[in-house]
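J.: Mind having a look at this structure? Questions to follow.
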Amino acid sequence: MNTEEIANIFNLPPELPTEELFEPLISTESLLIERIISTGQTTPTGEWYDQDQDEWVILLQGQATLAYLDGSSVKLKAGDYLFIKAHQKHRVEYTSAEPPCIWLAIHGNLQQKQTTKAIE
Numbered sequence: 000m001n002t003e004e005i006a007n008i009f010n011l012p013p014e015l016p017t018e019e020l021f022e023p024l025i026s027t028e029s030l031l032i033e034r035i036i037s038t039g040q041t042t043p044t045g046e047w048y049d050q051d052q053d054e055w056v057i058l059l060q061g062q063a064t065l066a067y068l069d070g071s072s073v074k075l076k077a078g079d080y081l082f083i084k085a086h087q088k089h090r091v092e093y094t095s096a097e098p099p100c101i102w103l104a105i106h107g108n109l110q111q112k113q114t115t116k117a118i119e
């Protein structure tokens with residue numbers, strides 16, 4: 000195995016970005032896996048993500064809040080993941096700057112499996 004192929008999802012750039020950083024890790028015509036680094040950025044006021052593909056996203060580090068067009072919102076902490084259907088309008092309301100948010104997002108024509116919700 001070539002050690003140059005090894006990377007670590009938690010390694011951050013020496014200088015953290017002033018804008019949200021989207022890093023494609025793997026992509027095909029129908030699938031995109033990307034790392035996203037957020038350092039306090041949010042979706043601009045009045046704007047909504049309206050994606051053509053489903054998205055499964057896990058927050059690996061930090062804290063964040065996503066809001067939906069219907070007025071609901073969800074607070075995420077490290078380890079939380081969720082499924083966002085294609086064209087489900089949503090926005091990022093909050094991301095922590097310290098620690099920075101590290102997300103892993105998978106975009107494509109995905110099928111959500113039933114999951115058991117943990118009791119907190």
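Anchor point for the sequence shown: position 52 equals 51 in numbering that gives the first Met the number 0, and the numbering is continuous, going up by one each time.
Built from N, CA and C at the ideal position, the CB exists for glycine as well.
In this text, all values refer to a predicted model and were calculated from it rather than measured experimentally.
Could you pull the start and end residues of the beta strand (DSSP E) that K76 belongs to?
T.: Here the question's residue 76 lines up with position 77 in the sequence shown. Run containing K76: 72 to 76, per the beta strand (DSSP E) assignment.
J.: Which residues in the same chain have their Cβ closer than 7 Å to the Cβ of I25, if we skip the five residues on either side of it in sequence?
T.: Your numbering for residue 25 matches position 26 in the sequence shown. The residues are I32.
J.: Please tell me whether V56 and A96 are closer than 9 Å, where the distance is taken between their beta carbons.
T.: Within the sequence shown, residue 56 is the residue found at index 57, counting from 1. Within the sequence shown, residue 96 is the residue found at index 97, counting from 1. Not in contact: V56 and A96 (Cβ atoms no closer than 9 Å).
J.: Specify the secondary structure class of I118 as computed by DSSP and reduced to three states.
T.: Here residue 118 refers to the residue found at position 119 when the sequence shown is read from its first residue. Its pLDDT being 43, under 50, I118 is placed unreliably in this model, and the coordinates cannot settle the point.
J.: In the DSSP assignment, find the unbroken beta strand (DSSP E) run with L24 in it and report its ends.
T.: Along the sequence shown, one-based indexing puts residue 24 at 25. Where L24 is concerned, the enclosing beta strand (DSSP E) stretches over 20 to 26.
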